[in-house]
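Chains as they are written, first to last, in this note's numbering: chain E, 1408 to 1752; chain F, 1408 to 1752; chain A, 1408 to 1752; chain X, 1408 to 1752.
The C-beta atom is built at its ideal place from N, Cα and C for all residues, glycine as well.
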């Protein structure tokens, strides 16, 4: 049995607590929060769990094997480092840190102490995203583009731009699904509230191949959209996360190139591009709650000393793109190279 | 009665011919094309119309008041200039020319000779786009963003990128609907067919105000999408051109700012943004064929010596953005200033 | 404060308990169920609530003012009658009883003892259905038809047909929204599982006016549909309960009659019907949880001795239609008159 | 070459003429109509076709092998009988006749003279309907139900109810797709215009097996719907004719029966029904214009003396159901047996 403490019982913490309480092999030992009324809420629902506002107490308890951190991003680094220094494995919310430097030090610390450092890239544990990876690996052909739209009305954040709040999901999905890592990023956007971070943004991601990726995020949209298109040379995917069951549609569509372009009588080149339109199919998806699956895997990784699917390196790659995108945003889309990330990955 | 000759009976020419044949006040005199079989097709359907492969013959005929040009873009400049030099008014397909220089010379020529120069920005004559302009002018509040997606499978062009083929529609709509003209543009994209122009592209348009615009065009998408979001401080619009009747939806949604942000107990700033969600409505739209309305207005402009809604200046502004976007595309999104366009407009 | 006991903690009971625990003016005193594990589930979540498997104990407690019954339909009559004989007000799940006779005796008992008898027609407390009633009363004109489709895959019931399980929702909505009560019903359907009740059914409801109503229910559909059309002489409504926010769309559409039909040359009458197509609008809806609102009103009714919106008479009218539809189903759609219901209503 | 004359150039006639002009093996010889302006329209577009208002002239011409009738229903019988008596093959619009008696005499006449009598059940020649038949025959398992909704605003007819105008499409599709013919029909509906036929109607069709069919047609709906559900024991189909490309979706969904129902502790039977949810797929469909395919087959049938897919018997079966439905409508849904039809089929 792996003893786990959850730090932070705000927006996401209750989901961690609920799932950890039911994951086989895990024992939920503590919930730690600075707010008394949040701790009272834990006690009312989980009478047998220890509550505390003292993080150090948790660290001192040798029955705690792992710490799950669900506090504001700005505190991730400090809490995770302390936890690892106390010999605890860490499961940390995304984005894993405020800066690349912090993220890198967390990765190094985990490596040095041979501890598991997992980042909560929840989406990569959904049936839909796992199915996409399967198709991208086997059947899509060359990957041409990845285009995601993630827009809705609210919730405006004060401390981070919409890129850190929404695009982080797409970046974690891309990191898992695509066969390559980006080499450069540019981003444009705008804040429509004086003194606040961008509430609309567009990210471009460049790769060494002909793959191109684009993410549109917006807190100020009249309708909610969660739609990703992935184009390949053999198949194309539409992933609509708002569809209740047919979230993934795979289209046997594309172009075929018919030899060399030729001249016609009007001296205008004509492309000999053919269009292929075949069946569409929507595979049945595993509908297990992603967080349950993810925490179960975290417990397995701790027990068997294996790397999780979204480990510190994945978290670092995502933070690097967020940091670069933020730089680019400030310069109306200047291209930022990501070479160092590749070395790390 | 305004005597009109149509030059070019390829893809779009037949639509011009069909509509001119029915517009009150217009007389369709000639159809001119270099291909004999196209001229035969005209004759079979419009036995009373003169057919010819000799453009000069058309220019010499004094009963021809105006020339409608529906030939490939590369020929627009030469044909339009000859027509104007012969004293003919011109109605030219979009984009109006290959380069800013050509477009500017066309505008100058029309001004010098006091001829009408209309550019076929068909969309600005649809009920949907006219309704959008009405709402943007009166009810939307400050315009925050304009976001358009125009993607489908095919038709790949050989001579122009997807920007010239598809984004030109969005640029002409924005030129008509938005209260400001862009001051800078950047564009990214990719060609997935060796030696051919970009088949996927993303354009960013910057303005002097906090307005931001973005266009996504793609010839290689598994589904057809024609969707524009316009966000304003008072209302937001969704324009879906594939909807059979409810193409425009107006949302009484947005944010309200409640005074100054304040500190809370956790030392984290909290934005006091409120979310407003009211009724949506889809106004009944005039479903008159846009091209019929447009040609009817062109005839009126010629008769009454008035400027058309989409005149040479509008056409030039669009070409300037296309040219700048093409430069930017070649440099992975470098920002290109558009200052001179503003002076012209 | 109104003391309330909930009887039955199966599928729906937990929703009653959760809401009663939060309704101002109510005190949740008991949860009663025959299954020990269900009572344990209550205790874990609501430590201060009394749990018991002895209904008589609840009845004897004078601090219990009202009983909420969420047990299988077959037990509603017996439990509700006992409760009323013990002087308790009653809130009972729908359908309120197995037979018209039972329902009528419940209504009579409540009247005799001046007790509140509320039936849980949850939908009539939703923002969407309340908005529909408002429009039907004011703006729809003459009501022409009411057409509902409520289909999905599962859950097959063993003891009741799909009519009692799904059409009961539509009947309760119609009872609330329409200006008239039906005078006759016919129903057709089929069971595709040997020995089991109908899993697909179609109900026709006839009225004294030209209003016609129809309900399609199906447990064996490949897609989930919850869509109602209401046609009126001035407006038409589409109610799609699966839409996340725009559940109600109001169309300013219809026909206009232009004088007398006339003969034309072919001796065929031509109707002079005109078609009116105006704006559509989707009003913002109150999204308060219907059950919370409903229980709050029940508490008010008990305190102020007022009739609830869905009282025993409404419940009886619905049961009468269900009973008649069941008779008709057994006779391949024979028309069954509902005259006695009208008298009661 | 088969010489063909088209009788009637109103709403549908131009489609026949356009297609016949292009079908290999056919020669369009005459278009006959009583209205001079319609004949002029033919001449303008098809200068080489003979136009006439004299049906007898057409009949006398021995180069005319077949007559295509696109006149009002009330005239089908007389025109078709005259044509067959003159030895001409017949292609007649649906419904093929006003009464079962007329339809039967047409069938008999064709049989006696060994002439081809084809009925224009256009939908059975679409890629979508042909695909449905293929799946129903091979893969759907036992057919449980067929449910169609065909509603929109307009066009109100004066001489026939909505059943003859819209349900005729569904009946012709069902006749082609389903493995059984109906044995009884009932119909309910309403007219909302004084003195006019029903503008809304619901048809129930009963079969010898457990198959049940239902059709909802309405001229007074706020939205256009063309949706058919077909449920089978192995697969289920959704056919949405308004979808631009994915008109047919095949769901690998259904129920599985797990042995005998059993009692549980609460003495309530529980069904052991399981729900199966697998992939969905949308096969690529042949998008050839149905009428072109149909007329091509008619020409082949005439040349090779073969029966068309929709022959006089199919037309008669559809008319029999329309006639019975009309009787049932007048009696608020009384069940009408269709036994004689089965004998004919």
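No Cβ of chain F is located within less than 8 Å of the beta carbon of residue 1546 of chain E. In the DSSP assignment, residue 1643 of chain F is bridged to F:1638, F:1658. A contact between stretches requires three or more CB pairs, one per stretch, nearer than 8 Å, and the stretch 1614 to 1628 of chain F fails this requirement with the stretch 1526 to 1534 of chain F. Contact of residue 1658 of chain A with chain X is assigned, a C-beta pair being separated by under 8 Å. Proximity of residue 1561 of chain E to chain F, defined by a Cβ-Cβ separation below 8 Å, is satisfied.
When rounded, the separation of the alpha-carbon atoms in residue 1479 of chain F and residue 1660 of chain E is 29 Å. Taking a Cβ-Cβ threshold of 8 Å, none of the residues of chain A is close to residue 1665 of chain X; the smallest such distance is about 11 Å. Around the beta carbon of residue 1467 of chain A, fewer than 16 other beta carbons lie within 10 angstroms, which makes this residue exposed. In this chain, the alpha helix (DSSP H) harbouring residue 1423 of chain E covers 1420 to 1427. The shortest C-alpha to C-alpha distance from residue 1449 of chain X to any of X:1598, X:1418, X:1424 is the one to X:1424. For residue 1459 of chain X, the enclosing beta strand (DSSP E) begins and ends at 1457 to 1459.
Using beta-carbon distances, residue 1690 of chain X counts as an interface residue toward chain E, with a partner under 8 Å.
The stretch 1455 to 1465 of chain E and the stretch 1734 to 1748 of chain E do not touch, with fewer than 3 CB-CB distances between them shorter than 8 Å. Taking 8 Å as the CB threshold, residue 1415 of chain X stays off the interface with chain A.
Taking every protein chain shown into account, the CB of residue 1562 of chain E has fewer than 16 other CB atoms within 10 angstroms, so this residue is exposed. If you ignore the 5 residues before and after residue 1410 of chain A, its C-beta comes within less than 7 Å of the C-beta of 1434, 1436, 1470, 1471, 1472, all in its own chain and listed in chain order.
With the criterion set as a beta carbon lying under 8 Å from some beta carbon of chain X, the stretch 1486 to 1503 of chain A has no members that meet it. Annotation: residue 1527 of chain E has no Cβ neighbours in chain X at a cutoff of 7 Å; minimum Cβ distance is about 28 Å. Counting along the chain, residue 1474 of chain X sits inside the beta strand (DSSP E) bounded by residues 1473 to 1476. For a cut-off of 8 Å, the C-beta gap from residue 1728 of chain A to residue 1745 of chain A is around 7 Å, short enough to register as a contact. Distance check between residue 1642 of chain E and each of F:1653, F:1655, F:1627 places F:1627 closest, using alpha-carbon atoms only. At a cut-off of 8 Å between beta-carbon atoms, residue 1553 of chain A makes no contact with chain X. When DSSP states are grouped into helix, strand and coil, residue 1688 of chain X belongs to the strand group.
Every beta strand (DSSP E) of 3 residues or more that sits fully in the stretch 1560 to 1611 of chain F is shown, in chain order, as 1591 to 1597. For residue 1480 of chain E, there is no enclosing alpha helix (DSSP H), as DSSP gives it neither H nor E. Judged by DSSP in its simplified three-state form, residue 1557 of chain F adopts strand. At a cut-off of 4 residues, the continuous stretches assigned as alpha helix (DSSP H) that sit fully inside the stretch 1694 to 1750 of chain A are 1697 to 1711, 1719 to 1736.
In the three-state reduction of the DSSP assignment, residue 1495 of chain X falls in the coil class. Residue 1465 of chain E: member of the alpha helix (DSSP H) spanning 1462 to 1467, first to last residue. Within the same chain, and ignoring the five residues on either side of residue 1422 of chain A in sequence, the residues whose Cβ sits closer than 7 Å to its Cβ are 1698. Secondary structure of residue 1501 of chain E (DSSP, three-state): coil.
For a cut-off of 8 Å, the C-beta gap from residue 1507 of chain F to residue 1726 of chain F is around 6 Å, short enough to register as a contact. In this chain, the beta strand (DSSP E) harbouring residue 1624 of chain E covers 1619 to 1625. DSSP links residue 1435 of chain X through a beta bridge to X:1411. Contact between the stretch 1552 to 1572 of chain F and the stretch 1509 to 1521 of chain F is absent: fewer than 3 CB-CB pairs across the two stretches fall below 8 Å. Partner residues in the beta bridge of residue 1527 of chain E, as assigned by DSSP, are E:1500.
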